[in-house]
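Sequential numbering from 247 applies to the sequence shown in my numbering.
Note that beta-carbon positions come from the ideal geometry of N, C-alpha and C, so glycine has one too.
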Amino acid sequence: MTSPAYIRNFSIVAHIDHGKSTLADRLMEVTGTVSSRDMKEQLLDDMDLERQRGITIKARAVTMHYQFQGHKYEINLIDTPGHVDFQYEVSRSLACCEGAVLLVDAFQGVEAQTVANAYAAMEHNLTIVPVMNKIDLNHARPAEVRAEMEHTLAVNADEILGCSAKTGLGCREVIEAVIARVPAPAGDPKATLQAMIFDAIYDEYRGAITYIRVMNGTVTKGQRIKFLQQGTTHEVLELGHFAPQRKAANKLSAGQVGYLICNIKSLDKVHIGDTVSVAEGAPATKLAGYLQPKRMVFCGLYPSDGQDFKQLREALDKLLINDPSFEFSPETSDALGFGFRCGFLGLLHMEIIQQRLEQEADIDLVQTAPNVTYEIVKKNGATIEVHTPQDVPDQGDIEEFRQPIVRISFVLPTEYIGGIMKLCTDRRGTYVRTEYLSPTRAMLVYDLALADVIYDLHDKLKSTTRGYGTMDYELLGYEPGDLVRMDILVKNDRIDALSIVCDRRDADVRGRAVIKKLKQEIPRHMFEVALQAAIGTRVIARETISAMKKNVTAKCYGGDITRKRKLWEKQKEGKKRMKSIGSVDIPQKAFLAVLETGEDEQKKR
247 MTSPAYIRNF
257 SIVAHIDHGK
267 STLADRLMEV
277 TGTVSSRDMK
287 EQLLDDMDLE
297 RQRGITIKAR
307 AVTMHYQFQG
317 HKYEINLIDT
327 PGHVDFQYEV
337 SRSLACCEGA
347 VLLVDAFQGV
357 EAQTVANAYA
367 AMEHNLTIVP
377 VMNKIDLNHA
387 RPAEVRAEME
397 HTLAVNADEI
407 LGCSAKTGLG
417 CREVIEAVIA
427 RVPAPAGDPK
437 ATLQAMIFDA
447 IYDEYRGAIT
457 YIRVMNGTVT
467 KGQRIKFLQQ
477 GTTHEVLELG
487 HFAPQRKAAN
497 KLSAGQVGYL
507 ICNIKSLDKV
517 HIGDTVSVAE
527 GAPATKLAGY
537 LQPKRMVFCG
547 LYPSDGQDFK
557 QLREALDKLL
567 INDPSFEFSP
577 ETSDALGFGF
587 RCGFLGLLHM
597 EIIQQRLEQE
607 ADIDLVQTAP
617 NVTYEIVKKN
627 GATIEVHTPQ
637 DVPDQGDIEE
647 FRQPIVRISF
657 VLPTEYIGGI
667 MKLCTDRRGT
677 YVRTEYLSPT
687 RAMLVYDLAL
697 ADVIYDLHDK
707 LKSTTRGYGT
717 MDYELLGYEP
727 GDLVRMDILV
737 KNDRIDALSI
747 VCDRRDADVR
757 GRAVIKKLKQ
767 EIPRHMFEVA
777 LQAAIGTRVI
787 ARETISAMKK
797 NVTAKCYGGD
807 ITRKRKLWEK
817 QKEGKKRMKS
827 IGSVDIPQKA
837 FLAVLETGED
847 EQKKR
């Protein structure tokens, strides 16, 4: 049994693409955890989607052993994602560690997410080991980045280590610094068992596999344990470490990180953030667990074939245990039938869940346009949360319409400050401050409505700053706004899946843009189709898709005009009857038309 004095638990936090997964690979090589024969790039990113996109989505754990100053140390690394949408995964991992390696790219320097992750680690009272990666690049600027780190992250410049995760240069020094600087876990192996569940995955053959960090006590194979929050008892069939694949052991004691298999067949029996303790006798006190993640982006997911509804529900249930940061509830739509209203942390999170459903469960999905959560104070004093535009009450019943506001930090080269300021001003943002990280780089802070951020701000930021700008945001709360629900009517029928909530000042432009886009996407029918955008009873934009026409008089040549008139009248009657009973086929592309912000329309004016 490893004494807690010789255990170190740490995670690597960094901005996207600063080399977290590559550094994890090198550390596993340096410690001999993985042989060079079994080594492959981004070994811990084992999900297909992670390898395709080159990003980490799920936090992963690995146990390494290293001989240092005559002692054998057990080092547990918890690899974390870098994208703002997966901040929840990062916070769960940090709660299980005593230290964090803060990784910064020696060329790109301190980015928005680096600052956010550094603050998150400080809030968890972790010991920070600052490391500069990619120092072997020809265009690296270590002296400037070192100054940026000292100025922005308040770390001592003398403590910053340099390494190259690609070549392995300096990686041994990183692992030794973790052993020397990160404190040993404070836990008593002889105390009552107390362990934190920080993740869980589902295996088709073994059931739920629970990832735990043992805070106190010891858990052994064959022992009966209790999940305190769920109130269920189970027998431990197998436990062990990640090396990086599962490696069985007989016991896990205080300070160690590993997994439990308890023959749990139902995924809802495992709750992330729950405390594991003994089944007999007085259990240990419950650990604080995790704050519930706040879902900010909602959209409807429907199976393109209505028969797949049950299959979609099972796939969502399976994903929910693996990623408790999204939620779903059944809903129906006149246009799309039965489906689910799903809540996500952000747009990338939404995209990842959709792709995982399509790839892992092989379901063809129709997705409605994303929207954020609003708060409405009604005339009778009741406050309601609104996740879909259809739920917005009539304008006459609304006392106050509140929207979520976020504080957004842009880190960018100084020459692009003007362009980003204009971008935020166009979206009615409130300027907060500008901080200069170095003579050539600055951090610009604005308060913006979340609805303006989730649509296309990231794309616009990348194009305005030629790809050099990065952003990070945190939710401030809800503020009143001049908001309205804009309905889209197709052939005088309101299509609930196309309704959107927008600022009254943008409604006209946005309505015209959506209607024009719909006209392009909806194919022509045998009858005329009217498309309208309306606020309440006021129509603000209209387009008409003309009917397909057949030349019924093609066979008539010469002779009396009355014969032609009779045929035209007959055709007119048929079209009229078809218009009253015919239904309009709306393709999937049309549902994304509501993402048109109307900016192109404004430029033309």
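Closest by CA to residue i, which one among the options?
i           : options            : result
residue 645 : 405, 626, 716      : 626
residue 439 : 497, 430, 405      : 497
residue 323 : 261, 253, 314, 401 : 253
residue 575 : 634, 630, 530      : 634
residue 742 : 773, 258, 638      : 638
residue 476 : 450, 773, 523      : 523
residue 648 : 509, 729, 320      : 729
residue 469 : 705, 525, 431      : 525
residue 612 : 678, 545, 671      : 545
residue 852 : 529, 270, 380, 424 : The structure shown has nothing for residue 852, since the chain only spans 247 to 851.
residue 371 : 378, 363, 377      : 363
residue 770 : 793, 760, 631      : 793
residue 585 : 690, 557, 487      : 557
residue 532 : 507, 473, 579      : 473
residue 725 : 419, 713, 622, 751 : 622
residue 751 : 781, 765, 762, 766 : 781
residue 711 : 598, 666, 384      : 666
residue 466 : 702, 484, 452      : 484
residue 563 : 454, 592, 377      : 454
residue 791 : 804, 768, 808      : 768
residue 401 : 350, 527, 604, 686 : 350
residue 405 : 384, 432, 398, 377 : 377
Give the range of the alpha helix (DSSP H) segment to which residue i is assigned.
i           : result
residue 576 : Not the alpha helix (DSSP H): residue 576 falls in the beta strand (DSSP E), residues 573-579.
residue 401 : Note, residue 401: premise wrong, no alpha helix (DSSP H); not H, not E.
residue 214 : This structure leaves residue 214 out entirely; the chain is present only between 247 and 851.
residue 762 : 750-767
residue 387 : From DSSP, residue 387 is part of no alpha helix (DSSP H); its letter is neither H nor E.
residue 664 : 663-672
residue 267 : 266-276
residue 356 : Careful: residue 356 lies outside any alpha helix (DSSP H) and carries neither H nor E.
Tell me residue i's beta-bridge partners as DSSP assigns them.
i           : result
residue 784 : 781
residue 789 : 777
residue 450 : Residue 450 is not bridged to any residue.
residue 255 : 322
residue 819 : Its beta-bridge partners do not exist; DSSP assigns none.
residue 311 : 320
residue 472 : 479, 523
residue 370 : Answer is none; residue 370 lacks a bridge partner.
residue 529 : Paired residue(s): none; residue 529 is not in a bridge.
residue 630 : 622
From what residue to what residue does the beta strand (DSSP E) around residue i run?
i           : result
residue 609 : Per DSSP, residue 609 belongs to no beta strand (DSSP E) and is neither H nor E.
residue 466 : 464-466
residue 422 : It is not in any beta strand (DSSP E) - residue 422 instead sits in the alpha helix (DSSP H) that spans 417-427.
residue 554 : Looking at the DSSP string, residue 554 is not in any beta strand (DSSP E), and its letter there is neither H nor E.
residue 733 : 729-736
residue 652 : 644-659
residue 802 : It is not in any beta strand (DSSP E) - residue 802 carries neither H nor E in the DSSP assignment.
residue 795 : Segment: none, residue 795 is in no beta strand (DSSP E) and carries neither H nor E.
residue 677 : 676-684
residue 507 : 503-507
residue 263 : Looking at the DSSP string, residue 263 is not in any beta strand (DSSP E), and its letter there is neither H nor E.
residue 220 : Outside the displayed span of the chain (247 to 851) sits residue 220, for which this structure offers no information.
Assuming residue i and residue j form a contact by the criterion Cβ under 8 Å, report the distance between their Cβ atoms to the nearest whole angstrom.
i           : j           : result
residue 382 : residue 340 : Incorrect: roughly 29 Å between the Cβ atoms, too far for contact.
residue 248 : residue 502 : 7 Å
residue 650 : residue 618 : 6 Å
residue 699 : residue 682 : Incorrect: roughly 24 Å between the Cβ atoms, too far for contact.
residue 471 : residue 479 : 7 Å
residue 403 : residue 352 : Contact flag wrong, Cβ pair sits at about 14 Å.
residue 389 : residue 251 : Their Cβ separation, rounded to whole angstroms, is 38 Å, which puts residue 389 and residue 251 out of contact at 8 Å.
residue 418 : residue 276 : 5 Å
residue 373 : residue 428 : 5 Å
residue 624 : residue 643 : 5 Å
residue 573 : residue 589 : 5 Å
residue 499 : residue 435 : 4 Å
*asked:* Whether or not the stretch 388-403 and the stretch 746-758 are in contact is what I'm after, with contact meaning three or more pairs of Cβ atoms, one per stretch, closer than 8 Å; do they touch?
replied: no
*Do the stretch 426-442 and the stretch 459-478 meet, that is, are 3 or more Cβ pairs less than 8 Å apart?*
yes
*Does the count of Cβ pairs from the stretch 777-789 and the stretch 723-738 closer than 8 Å reach three?*
yes
_Would the stretch 687-697 count as touching the stretch 365-375 if we require 3 or more Cβ pairs under 8 Å?_
no
*Touch test, the stretch 352-361 against the stretch 252-271, Cβ-Cβ under 8 Å, three pairs minimum*: yes
*Is it a yes or a no for the stretch 406-413 touching the stretch 262-279, going by three-plus beta-carbon pairs under 8 Å?*
yes
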